[in-house]
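Colleague: Supplied in structure tokens, the structure appears directly below.
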Amino acid sequence: MKSASFDYIRPDTLDAVCACLASHPDARIIAGGQSLVPMLAMRLARPSLVIDIAHIDGLSAIRDDDSAVVIGAMVRQAKALSDLLVATHLPLLAKALTHVGHPPTRARGTVGGSLVHADPSAEIPLVAVTLGASLRMRDAGEDVEFHAEEFFIGPMLTMTPPTACLFEISFAKPTCAYVGTGFHEVAARRSDYALAAAAAHIEADDAGVVQDLRLAIGGISDFPQRLPIDIHIDLSAGMADLGTSLTTAIDAALDDVDIVEDMHASASYRRRVAAELARRAVDDALREIAQDLS
Amino acid sequence: MNITIDINGKDVTAAIEPRVTLLDFVRDVAGLKGTHAGCEHGVCGACTVLLDGEAVRSCLILAAQAEGSQITTIEAVDGTTRQPGELSIIQDAFCESHGLQCGYCTPGMVLAAKTLLQHNPTPSREQVRDAISGNICRCTGYVQIIDAIMLAAERLQGRNQPADGA
Amino acid sequence: MPEGIAEGIGASVRRKEDRKFITGRGRYTDDINRAGQLHAFFVRSDVAHAKIKSVDIKKAAAMDGVAAVYTGQDIADDGVGGLICGWVVPNRDGSATHEPPHPILAKDKVRYVGDHVAMVVADSLATAQAAAELVNVTYETLPAVVDLASAATAAEIHDGMANNTYFDWELGDEAATADAFSKAKHVVSATLRNNRLIPNAVEPRAAVAEYDHIADSYVLHSTTQNPHLLRLVICAFVLNIPESKMQIVAPDVGGGFGSKIYLYAEEACCTWAAKKLRRPIKWTADRTQAFLSDAHGRDHINKVQMALDDNNKIIGLRVDTLANLGGYLSAFAVVTPTYLHGTLLSGCYAIPAIYTNVKGMATTTAPVDAYRGAGRPEATFLLERMMNIAAAEIGMDPAEFRRINFIPKDAFPYQTAVALQYDIGDYEAPLDRALEMIDYKGFESRRAEAAKRGKYRGIGLSSYIEACGIAPSAVVGALGGRVGLYESAVVRVDPTGTVSVFTGAHSHGQGHDTTFAQIVADKLGIPLANVEIVHGDTNRIPFGMGTYGSRSLAVGGTAISKAVDKVIEKGKIIAAHMLEAADSDMEFKDGKFAVAGTDKEKSFGEIALSAYVPHNFPHDRLEPGLEETAFYDPLNFTYPSGTHIAEVEIDPATGVVTLVDWACCDDFGNLINPMIVEGQVHGGIAQGVGQALLENAHYDENGQLLTASYMDYCMPRADNFPSLQVDYTVTACTHNDLGVKGCGEAGAIASPPALINAVVDALSPLGVTDMTMPASPEKVWRAIQNAQTKAAE
């Protein structure tokens, strides 16, 4: 299983990357390569040029930007997983990263690469959508920004302009006193691509009243999507009994999702399981907050 | 393009096509055949090497990407406290626990274990299971591999010393 | 001899072969390169079924670095033979198995996606692959035949082969079976599906072929499980080469599981082309090619009926099987679903009347052949599922239902209704032990505890038997086998007392270097370190049949044992001569030859040296040297048996099945190296768990293999297993010197029905009675949904 032939270049600036993309419309950027190299090996991708962005300064750092944690496009998944800023401010990302591949692929795979690769069942895009991350790109000498929710438009399809290169992703820090998260997925084997996945990030104020409930699903449609849930939840007296309100809200939200099917799972299975995983993700997140409150 | 990669402490230089993977560089250029091609699409882990001390899949890395990194293959996994050519504690534990059968996935398993025990010297069975879950073995059923890594962890902690004649 | 006790038969010694593997110094076929070698790449059919209208090689042949491009026409023009079927069976009507031609490069038609159409040979693999992309094949597409159940009425795949049926075979007494059913109190019926698997040894197949035009001889390095069989087939049937001019070397081989038994087209093409081009030719499969063209396994539909009498004893069994054999007949495709399957339908049970019919069907999919267990897992799956289905129907505990139907331990030798005679066994002992290990009695409380956590918990048994140590040549021959199935050994004692053993068996993970050496060291009373095992090279080893069917120890090990006995006999004569005693007064014990009743003795080393320094041997009755050969042909198969028990938990909302406990107790006869045996048991269980929960070869309706990568074909990983509890009981095989039965396939045979029985048991409170393999999350979830819908109606 050998790639077709291609040229290789290691620019040291983002603008040089953009120039390469402009001169080679079929060029592909390689970051960690954990998704691109298999596609090259299977000859599903046959670019004339591969552009390695590992030698551009400043793409491998995670920085604290007051209200946000900003992750460079070349930050390896393993680094993000063990990072204190991520652990402190982005607990959902930390939770999800343990489901991404295996230790040897996380050692090379990047947060940014996973986002622009946009596999519909990948975990990092799901987290980005859940948390409303911003993807910052360089294109034609300017910086452009995309919100995660608008960025993914199809399987392996994003809004990335043809000559743009992602350089960092900004995740807003939680603003409330209490944060809970939940992440669940079902796959044939752990760390395989998810048949269905759900992520929840919930924030509650000092009084234990939920102020922000963000829930999203992945693996069941062409790209990860938020499920709007509008229920009043008060955790001041401990874990809330939501009755059927949550499941009803999730079911209603899923009605608007176009669900895919393939040889691994049908649409009806994906719908029901996504609903259950979404319920569990919210449940986990609420329990975390309730526990912190008690 | 001309590529130089530090493999097992020696610089290996060759003119290669950019499409050559680190796996093919290690096997065909450096001539180190202990790194195996199992699937060449990044799932089986038979091609695992250490890149700057971390287990990675050499089939998923272009040789060009590995320039400037230090690569360690199974051929260089010796014990630091033993004579050259003798088995490291991890390797010895694999032999003692029958953690290998046909030997094809074995180098990858040993390197995955080595990385785990560097980061976590006292892993639980569950953590060992997770650490090697990216490496496919079709022979063993994994139980004796996990036994081996648990045994190695104990011994690296100075407990349960190996018998002579490893 | 203290070392002997620690290292001999029964000791869990470390494997001698481990040092090379653990240090990365194993030498596999793809590690071999020859000066001046060329690389082969095969153009494969991308359609399942088509006439080849034309193959245009012009552009490819003109490419820089391309040495040659060969097509099926070139092969045919050269009079090259096709791949053969090594075992055939008679049809019910007395006619013979239909054996359509299987050319090593397709000429007129392609019959599966992956079928070999052309071979490109170039100075690099990259060039060969690039040129292969330029070979333009024009097809006239024909309808794909994928569905096994309707294959008989689908498009004709082989000219003149009616109903796409290779054979239509039967075994057993149909009238007696019908009679049993007419008298039955209960008749239990089920249709069961044995899913299609892809063996996936982690080392892909590979070959390096060399031709020496001065000597007119060949060397072929191949990833084979049986070098001499490969040599016989490639020389005598395909390339018409004198066997003496062909050396086959199987170096270290990275797993086989059956898929590396057969001669494949690629290695035959490379050998043929090596002579044409007078250059070494190397080919290594990539994983996609392996998925497409390695022989697949299993793939049956079984219609099963079981008859029970008033006492819940089984009195009759009828099984009608459709076996999917793919686009061509692979070497052992016919015997696998027939004699290796139908003969096992009695299992561990006293069933007076059994009848089975097997139809071997062609489809436009890859050839299907033996995969770990080969026929016996399929038989065991249907029988052990039926045992649970029947037990449920009559309301009896499945363990108890098995127990009352077991062949009693005083009934051996036991003649089954399906041709086999079991020499010895005790099926209750391993059942009891396994029940105790898993705490069977405590299961209901574990089920209740799981229910509190919202999980369905289930337990499943499988009491299996297998026919191993294949086999007596006389039986094999009488049943249509075209080979003998003895094994060979040469034991060569060196002048300094070290011993080299040359075996016809082949080790590709089984640990022969150690197990065989333990036998020799034990019998000769010498250190294990003094024994070397040589295998895998036709120029070094005696003509042997190789390794498959759990035969290496029972047949190959016994051959070694017999050769060692001959060495000891000769050693006695040498010792008698040296000690001036009568041959008949000599005895050999603890590594010493002694005159009985005296303190006169010679060590094994002294005898060895004397054999090669025969200064005063009486040459009229004593030849120099100490080297003996044995060919061992057993009297019967061996019959390992045992009980495996799986315990699972199911998440009802997602259908995810988690294997939470496993206990098994096997009777493999005597154990030589228990540590190695345990590894074999674990590995077999892992493959069975893969079949039951994860693995499935999936072709779409156009005959495209959708599961052709490790991303889509799911093999078990470390996190799919709990720790496995393993134990043994022993009834020693009665007809080989070592009392051994074989252990390589047991886990793969026993485990799938144990798991599926556990899954069905977990869901049985909902009314679920069946589950097909693999029990994927969606299938399990759907079974739960359907049961709940039914309950609500």
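Residue numbers (this note's numbering), protein chains in the order written: chain A, 1 to 294; chain B, 1 to 166; chain C, 1 to 793.
Idealized CB from N, CA, C, for every residue including glycine.
1. Does the pairing of the segment 682-697 of chain C with the segment 187-197 of chain C give three or more beta-carbon distances under 8 Å?
2. To the nearest whole angstrom, what separates the beta carbons of VAL121 of chain C and ALA130 of chain C, a pair I think is in contact under 8 Å?
3. Beta carbon of TYR193 of chain A, beta carbon of ALA200 of chain A: below 9 Å?
4. Whose C-alpha, out of A:ILE29, A:ILE202, A:SER48, A:ASP255, is nearest the C-alpha of ALA16 of chain A?
5. Where ASP651 of chain C and SER124 of chain B are concerned, what is the direct C-alpha to C-alpha distance, given to the nearest angstrom?
6. Please report the straight-line C-alpha distance between LYS779 of chain C and ASN302 of chain C, rounded to a whole angstrom.
7. Excluding sequence positions up to five away, which residues of its chain have a Cβ less than 7 Å from the Cβ of LYS790 of chain C?
8. Quick one: does PRO155 of chain A have its CB under 9 Å from some CB of chain F?
9. Among C:GLY744, C:VAL66, C:GLU444, which residue has its Cα nearest to the Cα of SER641 of chain C?
10. Roughly how many angstroms separate the alpha carbons of ARG43 of chain A and ARG27 of chain C, rounded to a whole number?
11. Does CYS165 of chain A get closer than 9 Å to chain B when you measure Cβ to Cβ?
12. Compile a chain-ordered list of the residues in the segment 164-190 of chain A whose CB is closer than 7 Å to at least one CB of chain C.
13. Could you pull the start and end residues of the alpha helix (DSSP H) that GLN518 of chain C belongs to?
14. According to DSSP, is MET675 of chain C helix, strand or coil?
15. Excluding the 5 residues preceding and the 5 following VAL730 of chain C in the sequence, name in chain order all residues of the same chain whose CB lies nearer than 7 Å to its CB.
16. Using the Cα positions of ALA379 of chain C and PRO774 of chain C, report the straight-line distance between them to the nearest angstrom.
17. Just list the residues that DSSP pairs THR71 of chain C with in beta bridges.
18. Which chain B residues sit within Cβ distance under 9 Å of ASP52 of chain A?
19. In its own chain, which residues sit with a C-beta less than 7 Å from the C-beta of ALA758 of chain C, not counting the 5 before and 5 after it?
20. For the segment 97-113 of chain C against the segment 8-24 of chain C, are there 3 or more C-beta pairs whose distance is under 8 Å?
21. Quick check: is the beta carbon of SER121 of chain A nearer than 9 Å to any beta carbon in chain B?
22. Any residues in the segment 497-521 of chain C with a beta carbon nearer than 8 Å to a beta carbon of chain B? Which ones, in chain order?
23. Which residue's Cα is closest to the Cα of ASN702 of chain C: C:ARG111, C:GLY10, C:GLN73, C:ARG34?
24. Secondary structure at GLY4 of chain C, three-state DSSP: helix, strand or coil?
25. Taking Cβ to Cβ, would you say ALA250 of chain C is nearer than 9 Å to GLN289 of chain C?
26. Would you list the one or two residues that DSSP bridges to ARG298 of chain C?
27. Where GLU17 of chain B and VAL135 of chain C are concerned, what is the direct C-alpha to C-alpha distance, given to the nearest angstrom?
28. Name the DSSP bridge partner or partners of PRO143 of chain C?
29. Is the CB of GLN160 of chain A under 9 Å away from at least one CB in chain B?
30. Are the Cβ atoms of LEU105 of chain C and ILE75 of chain C separated by less than 9 Å?
31. Can you pull out the residues from the segment 687-716 of chain C whose beta carbon lies closer than 7 Å to at least one beta carbon of chain A?
32. Run down chain C in chain order and give the residues with a C-beta less than 8 Å from the C-beta of GLY34 of chain B.
33. Enumerate, from N- to C-terminal direction, the unbroken alpha helix (DSSP H) stretches of 4 or more residues contained entirely within the segment 565-625 of chain C.
34. Using a Cβ cut-off of 9 Å, pull out every chain B residue sitting near ALA87 of chain A, in sequence order please.
35. Just to check my reading of the structure: GLU449 of chain C and ILE749 of chain C have Cβ atoms closer than 8 Å, yes? What is that Cβ distance to the nearest angstrom?
36. Whose C-beta lies closer than 6 Å to the C-beta of LEU81 of chain A among residues of the same chain, with five residues either side of it excluded?
Modeller: With the given structure in hand:
1. Using a Cβ-Cβ distance cut-off of 8 Å, the segment 682-697 of chain C and the segment 187-197 of chain C are in contact, since at least three pairs of beta carbons, one from each stretch, lie closer than that value.
2. Start at 1 with the first residue of the third sequence, and residue 121 of chain C comes out as number 121. Start at 1 with the first residue of the third sequence, and residue 130 of chain C comes out as number 130. For VAL121 of chain C against ALA130 of chain C, the beta-carbon gap comes to about 13 Å, at or over 8 Å, which does not count as contact.
3. Numbered from 1 along the first sequence, position 193 holds the residue referred to as residue 193 of chain A. Numbered from 1 along the first sequence, position 200 holds the residue referred to as residue 200 of chain A. No, these two residues do not count as a Cβ contact at 9 Å.
4. Looking up residue 16 of chain A in the first sequence gives position 16. Considering only A:ILE29, A:ILE202, A:SER48, A:ASP255, the residue with the shortest C-alpha distance to ALA16 of chain A is A:ILE29.
5. Here residue 651 of chain C refers to the residue found at position 651 when the third sequence is read from its first residue. Here residue 124 of chain B refers to the residue found at position 124 when the second sequence is read from its first residue. Rounded to the nearest angstrom, the two C-alpha atoms are 25 Å apart.
6. Within the third sequence, residue 779 of chain C is the residue found at index 779, counting from 1. Within the third sequence, residue 302 of chain C is the residue found at index 302, counting from 1. Distance between the alpha carbons of LYS779 of chain C and ASN302 of chain C is about 20 Å.
7. For the purposes of this step, residue 790 of chain C is identified with residue 790 of the third sequence, where counting begins at 1. Once the five neighbours on either side are set aside, the close Cβ partners of LYS790 of chain C are GLY767.
8. Of the protein chains in this structure, namely A, B and C, none is chain F.
9. Reading the third sequence from its first residue, position 641 is the one you call residue 641 of chain C. From the listed residues C:GLY744, C:VAL66, C:GLU444, the smallest Cα separation to SER641 of chain C is found for C:GLY744.
10. One-based indexing of the first sequence puts residue 43 of chain A at position 43. One-based indexing of the third sequence puts residue 27 of chain C at position 27. Taking the straight line from one Cα to the other gives about 29 Å.
11. The residue labelled residue 165 of chain A in the question sits at position 165 within the first sequence. Against chain B, the CB of CYS165 of chain A has no partner CB under 9 Å away; the residue lies outside that interface.
12. Cβ contacts with chain C come from VAL186, ALA188, ARG189, ARG190.
13. Translated into the one-based positions of the third sequence, residue 518 of chain C becomes position 518. Following the DSSP letters along the chain, one finds GLN518 of chain C inside the alpha helix (DSSP H) bounded by residues 512-524.
14. Indexing the third sequence from 1 puts residue 675 of chain C at position 675. In the three-state DSSP reduction, MET675 of chain C falls in the helix class (H, G or I).
15. Sequence index remark: in the third sequence, residue 730 of chain C carries index 730 (1-based). The answer, listed in chain order, is ASP667, GLY669, ASN670.
16. The residue you call residue 379 of chain C lines up with position 379 of the third sequence. The residue you call residue 774 of chain C lines up with position 774 of the third sequence. Between the alpha carbons of ALA379 of chain C and PRO774 of chain C lies a distance of about 17 Å.
17. Looking up residue 71 of chain C in the third sequence gives position 71. Looking at the DSSP assignment, THR71 of chain C forms a beta bridge with C:ALA118.
18. Taking the first sequence and counting its residues from 1, the one referred to as residue 52 of chain A is at position 52. Per Cβ cutoff of 9 Å: LEU62, ALA64, GLN65.
19. On the third sequence, position 758 is the one that residue 758 of chain C refers to. Same-chain partners within the cutoff: GLY458, ILE459, GLY460, ALA646, GLU647, VAL648.
20. Touching, no.
21. As a first step, residue 121 of chain A is located in the first sequence; it is residue number 121 there, counting from the start. Chain B, which has no Cβ nearer than 9 Å to the Cβ of SER121 of chain A, makes this no.
22. Under the 8 Å Cβ criterion, the segment 497-521 of chain C contributes HIS508, GLY509, GLN510, GLY511.
23. Translated into the one-based positions of the third sequence, residue 702 of chain C becomes position 702. When each option's Cα is compared against that of ASN702 of chain C, the closest is C:ARG111.
24. The count along the third sequence starts at 1 and reaches residue 4 of chain C at position 4. Since pLDDT at GLY4 of chain C reaches only 44, below the 50 mark, its modelled position is unreliable, and no value is offered.
25. What you label residue 250 of chain C is simply residue 250 of the third sequence in a count that begins at 1. What you label residue 289 of chain C is simply residue 289 of the third sequence in a count that begins at 1. In this structure, GLN289 of chain C does not lie closer than 9 Å to ALA250 of chain C by Cβ.
26. The residue you call residue 298 of chain C lines up with position 298 of the third sequence. Partner(s): C:ARG196.
27. Residue numbering aside, residue 17 of chain B sits at position 17 when the second sequence is read from its first letter. Residue numbering aside, residue 135 of chain C sits at position 135 when the third sequence is read from its first letter. Rounded to whole angstroms, the separation of the alpha carbons of VAL135 of chain C and GLU17 of chain B is 24 Å.
28. As a position in the third sequence, residue 143 of chain C is number 143, starting the count at 1. According to DSSP, which records beta bridges pairwise, PRO143 of chain C is partnered with nothing at all.
29. For this step, residue 160 of chain A is matched to residue 160 along the first sequence. Checking the displayed sequence, the identity of residue 160 of chain A turns out to be Thr instead of Gln. Any Cβ of chain B closer than 9 Å to the Cβ of THR160 of chain A would place that residue at the interface, and such an atom is absent.
30. Start at 1 with the first residue of the third sequence, and residue 105 of chain C comes out as number 105. Start at 1 with the first residue of the third sequence, and residue 75 of chain C comes out as number 75. Remark: C-beta atoms of LEU105 of chain C and ILE75 of chain C approach each other more closely than 9 Å.
31. Going along the segment 687-716 of chain C in chain order, one finds LEU694, HIS698, LEU706, CYS714 with a Cβ nearer than 7 Å to chain A.
32. The sequence position of residue 34 of chain B within the second sequence is 34, counting from 1. For GLY34 of chain B, the chain C residues whose C-beta falls within less than 8 Å of its own C-beta are THR23, GLY24, ARG25, GLY26, listed in chain order.
33. For the segment 565-625 of chain C, whole alpha helix (DSSP H) runs of length 4 or above, ordered along the chain, are 604-612.
34. Residue mapping note: residue 87 of chain A aligns to position 87 of the first sequence, counting from 1. Taking the beta carbon of ALA87 of chain A as reference, no residue of chain B falls within 9 Å; the closest one sits roughly 16 Å away.
35. By one-based count along the third sequence, residue 449 of chain C stands at place 449. By one-based count along the third sequence, residue 749 of chain C stands at place 749. That pair is no contact at about 32 Å.
36. As a working note, residue 81 of chain A is residue 81 in the first sequence. Excluding positions up to five away in sequence, the list reads LEU97.
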